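Residue numbers (numbering that gives the first Met the number 0), protein chains in the order written: chain V, 0 to 414; chain S, 0 to 414; chain C, 0 to 414; chain D, 0 to 414.
Protein chains: 4
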Amino acid sequence: MAIDFTLTAQQRELQLAARKFAREVLTSAGAAELLATPEERFLATRPIYEAMVGAGYLRKCIPAPAGGENTGLVDMAILAEEFYSINPSVTLTMLGTVLGLLPILFGGSPEQCGRLLAPFLMKHGTPLAAFCFSEPGGSANADSPPPGDGVRTTARLAGDDWVINGRKKWTSSATGWNRRGADILSVVCRTDPNATPDRAISIIAVEGPSSGIVFERAINSIGHRAHLVPQFSLQNVVAPRSNLLGHEGGGLALTATAFTATAALVGILGVALMRAAFEFALHFARTEKRGGVHPIIQHQAVGYALADAKTAIEAARYLSWRACHALDTQSPAAEELAVQAKIYGSETAVRVITDLLRVVGIESYDHDAPLGRLLQDALALPIFDGGNMGIRRRQLHAIFMRPDYDHLAASGAAA
Amino acid sequence: MAIDFTLTAQQRELQLAARKFAREVLTSAGAAELLATPEERFLATRPIYEAMVGAGYLRKCIPAPAGGENTGLVDMAILAEEFYSINPSVTLTMLGTVLGLLPILFGGSPEQCGRLLAPFLMKHGTPLAAFCFSEPGGSANADSPPPGDGVRTTARLAGDDWVINGRKKWTSSATGWNRRGADILSVVCRTDPNATPDRAISIIAVEGPSSGIVFERAINSIGHRAHLVPQFSLQNVVAPRSNLLGHEGGGLALTATAFTATAALVGILGVALMRAAFEFALHFARTEKRGGVHPIIQHQAVGYALADAKTAIEAARYLSWRACHALDTQSPAAEELAVQAKIYGSETAVRVITDLLRVVGIESYDHDAPLGRLLQDALALPIFDGGNMGIRRRQLHAIFMRPDYDHLAASGAAA
Amino acid sequence: MAIDFTLTAQQRELQLAARKFAREVLTSAGAAELLATPEERFLATRPIYEAMVGAGYLRKCIPAPAGGENTGLVDMAILAEEFYSINPSVTLTMLGTVLGLLPILFGGSPEQCGRLLAPFLMKHGTPLAAFCFSEPGGSANADSPPPGDGVRTTARLAGDDWVINGRKKWTSSATGWNRRGADILSVVCRTDPNATPDRAISIIAVEGPSSGIVFERAINSIGHRAHLVPQFSLQNVVAPRSNLLGHEGGGLALTATAFTATAALVGILGVALMRAAFEFALHFARTEKRGGVHPIIQHQAVGYALADAKTAIEAARYLSWRACHALDTQSPAAEELAVQAKIYGSETAVRVITDLLRVVGIESYDHDAPLGRLLQDALALPIFDGGNMGIRRRQLHAIFMRPDYDHLAASGAAA
Amino acid sequence: MAIDFTLTAQQRELQLAARKFAREVLTSAGAAELLATPEERFLATRPIYEAMVGAGYLRKCIPAPAGGENTGLVDMAILAEEFYSINPSVTLTMLGTVLGLLPILFGGSPEQCGRLLAPFLMKHGTPLAAFCFSEPGGSANADSPPPGDGVRTTARLAGDDWVINGRKKWTSSATGWNRRGADILSVVCRTDPNATPDRAISIIAVEGPSSGIVFERAINSIGHRAHLVPQFSLQNVVAPRSNLLGHEGGGLALTATAFTATAALVGILGVALMRAAFEFALHFARTEKRGGVHPIIQHQAVGYALADAKTAIEAARYLSWRACHALDTQSPAAEELAVQAKIYGSETAVRVITDLLRVVGIESYDHDAPLGRLLQDALALPIFDGGNMGIRRRQLHAIFMRPDYDHLAASGAAA
């Protein structure tokens, strides 16, 4: 082991195969974004998602020990960059499903894993899972003690079943293809009305479709136009007692673990969008003369703006890889690096794509060009998966206050 | 005269009346943005535009000497801030009409002014004018000598008429309510195929509807969703010889004069959008607890982000006012200040609204909240009306290279 | 009254006279910065300061009602921009003296004003005053209730005298030309050991030289190399009871008033430094070829960087003027605008000068060029006079939380 | 081989040993910066430099094939981060010597390497080498054809000797400890007065001391206060014909190769300075209360500012490592990545340290605290070693214009 940025032969093969699949299959999902309503747009991506599952890409996101083919977050990053740069909406549907499974993967017993993961290991169908964390009114303070509301969704035991009531929002794919629920909903809920937040919250797997899931609306989101982010309520939704994931009361810790893993990946999602925007802007600059004599790339201001964009892309990619590697190797700096990759990759993506719009100029204001859509997608990155202001920087702030914090932990660890 | 930031009684009255009108009348234009196609959205704003005309606001944008009621750009800025903060699309329709009239106002003979401006001085109807400058393929280098294409639209004399051929794009409202042409199109075109650009280009007023105006498409723009930016061709469009505005060959100079005036106003458009975004974010922060104990404004990070936003708003407003005043008083620094107000106000708006999205967090990703739409509108500001990268900074660059450039001209001139 | 950016004839005369005086007299003060120790550097500026006093400029900073010639902060801004752009160190010595007099001007009785201000109204000598607020260990939380230390310097009554003990730091010119004290020290101190901070703190005028003032060291500051910022202690320093300024216990409020006035001026100090840096960089770019064929201003990257710098300068100047005008006219938005001018002008100055260093390139790394020194001076602006992070943004944060906060107050008020 | 961020056991040992040596030995070099003149400061570091050589660190910077112990740029980055974070001046003296040797290492024959490198492979003495590229008047356009001056220093053959005339500036250590010349000067000069720049320029090794080296002055630089950057002339300086390095006329290409290698390292120099500043600011925030109740790190604004700083540090480190690795493995993306690491690391360092000054507040304005000095050192990074504006972004601009440019080359290459 050594500091190295060379892909293994398998990683390179994954990268090239994913790039080819994205170009050949995911590209066509773009048309879905032109449909009128969020649900129409989402439903129109189903064949593409089916193709992704069929080609084994969902399996490639599930760890090998759990029956899938994934060997780590670095590989996930390589895959995600290729897919997300071509179609963020449908890629997010797949990644959202993986997120929905994380409480099972991180907290589930072997029995739960075997039972609940099975549909997601097939190479057919369009299985969806959803991580149901956020609630109407916001969940940045889900860990708030009273009088803060914290988590408002509740589950109480009735015999051998949990009976769940509450409302959720912004939960990717949660109401599924038919409004009646994804195949698995990992529902963050309060299982003890009296305990402190670090003991009161649990995650329960609900298997959809389920009768108490009441679709309210599909959010008309700024970007990810063909991805479903519903608002819905759970009205006496029933799940067997054995579907509680991890230990009772450990829900916030399990949530934190899941969102640390995704944070490292969000960094690479930013890279993917910037890369797509850069590719378009570079091609535009090399070919368009805008009434003048030379392609506009010959203007120094254009070249320098491209230089700044590309520099940011490269910086974001290696920080994200570094965070993924830290999680894969369980580095003590892993949490810090994952959050940093999320913050940096997401905010850099918004800034860089905004700048590239100016390189292209007014043509970028037309939805026939991709930049507007890429920016609309990018705007999600700093505010979803734990908003950078309300949650992610707070995590770093908390890390810095730990008495044993070592600011050099990330820079060096021997093999 | 003295350095002063106090509105006159008339200016304050204009501000308050415009604020009231905007809130009561323009607010309802927002619904138009939800319709499916660009043309449907544009047409749905027609009653609102009619109300604006009916209330005399278009007249208030036309200088008093030309028969209107406008007394200067500072007043325009006060009006524009109020309207644009409530509805950018329909306000841009009005301002685009004013822009379309600028070549008449700046270059027209008394006869032309009297004849061509008349419909725009009424307090009824929905008269539209359009400044037809940009062309497919871009016009950042409209002043390019060969072999650059420069301006591709041509006009040749046939008897006492100009016959115009070419294509135009991004020209606000140019094809009018019925695809057959706005009431006035100020068409930038090449009247001398052999002269150098500073003598070859002229502006000709075409009175619509006109049979050779061939609508190609309404651009599906990122923002200003209910404003019409068409692409169209002029196929043997005929205009009387007497409709050439200013002197023959003076088209680029007249264009520059028009775009200097608008530049100062774009600064205030940025202020208007930021102000609307700030108002929403401030209210959100003061009322939302996001699961916690206190409204989130009590978090220092929220308060500081709001502080930075508000500081930028104030800086942009006074720079814009200063530019408007410089134009009103024909200061030697007027061109420089106008361009600076445009660059600063436009780019600051994009940055500030982007930041405010993060203050609000994920709720801002829902089109039910205004921030996404405000950002989509703001994205136009740096790239329309002369892109900041391809045109506006080039103007400043050219100013700095003038041998007699005085960098203190803006800071002091005695009464 | 109307929105206007035209200087009155008197203002223009002030501007030109100050510009001439600065160029002819202040320029020579630059040599003082090359001396070895902070005190040597400070002492070497004394003749220049004497010339400033002699030419009546200190009088021009003291309001007319108090016997001086100042007519408002807008005039102060015009003067300060001219002086500070040529020599920040000695200009700060004059402005620091004015700050030291503000508690007298704002809170003093007619008797106190008459008695204490007299030496500062003369056109001879080198009178110094100092506002003694900050203490070793920091004073960002001077208003902290226990167990925070808040203000640690104390004054207790002994007969008809205050006896003051404590330590101060960062107090411009406080120990005077001879280490024994400026002519006036406005000392912020705790006069009631038991009251809450809003009633416990007062400001007492100490007339130097005074035997209990014990010089500890002159801080070797990053910039303002020829300005004195001492650390010293007050050991049983005696002042007559009648030297308490304003009402007993009103010290923090009086401090806040003083620092609101200075905030608006700090904005213009940023303008002054940027302007000096821009002037140098522009000249460099117009004359230097760096081995190439053309002056480097012909490179687009250079022209655009200059454009961004100049735009920021203009934005900062008018925001500062607006804040000064708001204070002069007692606008309800005055506090907000003053703090915003301070934050914006100070941070923009650091950013812009940093960028201009890159335009000039490696030559700017030589102290023979002015840019390094200008940046070192600029670095003070965001952190002195109430640090932007610990104090100034906190002020804005507090303003936004007021129930009656009106975010449009700054944008319009009728004459 | 695989994407990996784990140090080998040898790398970790190097890191820890260098950290220990820096803390124990380099720390004391800080005192040199307080001396009055640049030369005094430089001379005062000589014992420290001697200790570095004695401990074998110079040898560790010379590649193993050339007789040293260096195994690649990744190792150099690990070493440089440790040293430079403690003392930039003396570390730059060592790195400048390595730069001076690069033309020998990259272009020298075995005979030249054996002969010229010998003194630098010893573990004693204070050997200095200097890369003499920049000239008074600037060298950003060293490759300019006439009428641009390009490289003005000339060498003509006189028998078996080169006779060199010209002036150089900003050349680290070039005049050596005694003004008479470093042990090796790699002098970029024009060997053919008539050829085009790509054939006219060569690099000749001059062995000092040499009689024609005429010291003009030691630049009083903004930072790196104890490092020598002289201006000097070469007046009929003689070097044997056999000291021409590489092939005649290949000087600019050899220069470019050298400056690509250093670019990757400059990135890590930025990391080193940020890391030192972060360490100080973090400690300050965790311990200082500034008059309040809690350490200021408990303020959210402080925690968030630290979060942003730390995120930038991590991003810069891995981009720099990636660039070093690309150079070590001769990746096709190596040049692009090296320049990006230079631009990003250098400009980020200036920005981050500037921000950290605000976290610490006014105390950072005192040279007793390290932040001012760190910033002054950091200011060099964007403008030395090829200014980012005049040279480095131009390199990227040129890369993007190459017809075969592959924007994904950096992201993936199989083992």
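The C-beta atom is built at its ideal place from N, Cα and C for all residues, glycine as well. Computed from a prediction, not measured in an experiment: that's the story for all the values here.
Please name the residue in the options whose C-alpha comes closest to that of residue i.
i              : options                       : result
M121 (chain D) : D:Y317, D:P192, D:G222, D:C60 : D:C60
D160 (chain C) : C:V237, C:F279, C:L378        : C:V237
T170 (chain S) : S:P192, S:L91, S:A194         : S:L91
V351 (chain S) : S:H293, S:A275, S:A128        : S:A275
M51 (chain V)  : V:F119, V:A31, V:T5           : V:F119
Compute the Euclidean distance between the alpha carbons of residue i and residue j, then round it to the nearest angstrom.
i              : j              : result
L243 (chain S) : P126 (chain S) : 21 Å
A16 (chain D)  : Y56 (chain D)  : 11 Å
F132 (chain S) : R289 (chain V) : 13 Å
N235 (chain D) : S345 (chain C) : 51 Å
L373 (chain S) : I295 (chain S) : 22 Å
H123 (chain C) : R45 (chain C)  : 12 Å
Y317 (chain D) : T347 (chain V) : 16 Å
What does a CB cutoff of less than 8 Å around residue i pick up in its chain, not counting 5 residues either side in sequence?
i              : result
E335 (chain S) : L395, I398, A408, A409
Q449 (chain D) : Absent from the model: residue 449 (chain D). The displayed extent of chain D is 0 to 414, so no value can be given.
L264 (chain D) : L72, M75, A76, A79, L94, S319, C323
P196 (chain C) : A141, D142, S143, P144, G149, V150, L251
R391 (chain S) : A262, V338, K341, I342, G385
Within 8 Å of any Cβ in chain D, is that where the Cβ of residue i sits?
i              : result
Q299 (chain S) : yes
M458 (chain C) : No answer is possible for residue 458 (chain C): the residues shown for chain C start at 0 and end at 414.
Y364 (chain S) : no
D148 (chain C) : yes
Y303 (chain S) : yes
With 16 other CB atoms within 10 Å as the buried threshold, where does residue i fall?
i              : result
A308 (chain D) : buried
D403 (chain D) : exposed
N69 (chain V)  : buried
P369 (chain V) : buried
S201 (chain D) : buried
Could you confirm whether any beta carbon from chain V is found closer than 8 Å to the beta carbon of residue i?
i              : result
A262 (chain S) : no
E278 (chain D) : yes
N164 (chain S) : no
N140 (chain S) : yes
Can you confirm whether residue i, when its beta carbon is compared against all beta carbons of chain S, has any partner nearer than 8 Å?
i              : result
Y343 (chain D) : no
A16 (chain C)  : no
R189 (chain V) : no
By Cβ distance, which residues of its chain are closer than 7 Å to residue i, with the 5 residues on each side in sequence left out?
i              : result
N219 (chain C) : P37
G371 (chain V) : S363, Y364
R22 (chain V)  : I85
H223 (chain S) : P87, S88, L91, D376, A379
Tell me, please, whether the CB atom of residue i is closer than 8 Å to any CB atom in chain C?
i              : result
R357 (chain D) : yes
Using a Cβ-Cβ cut-off of 6 Å (strictly less than) and excluding sequence neighbours within five positions of residue i, which residues of its own chain qualify?
i              : result
I267 (chain C) : A76, A79, E80, S319
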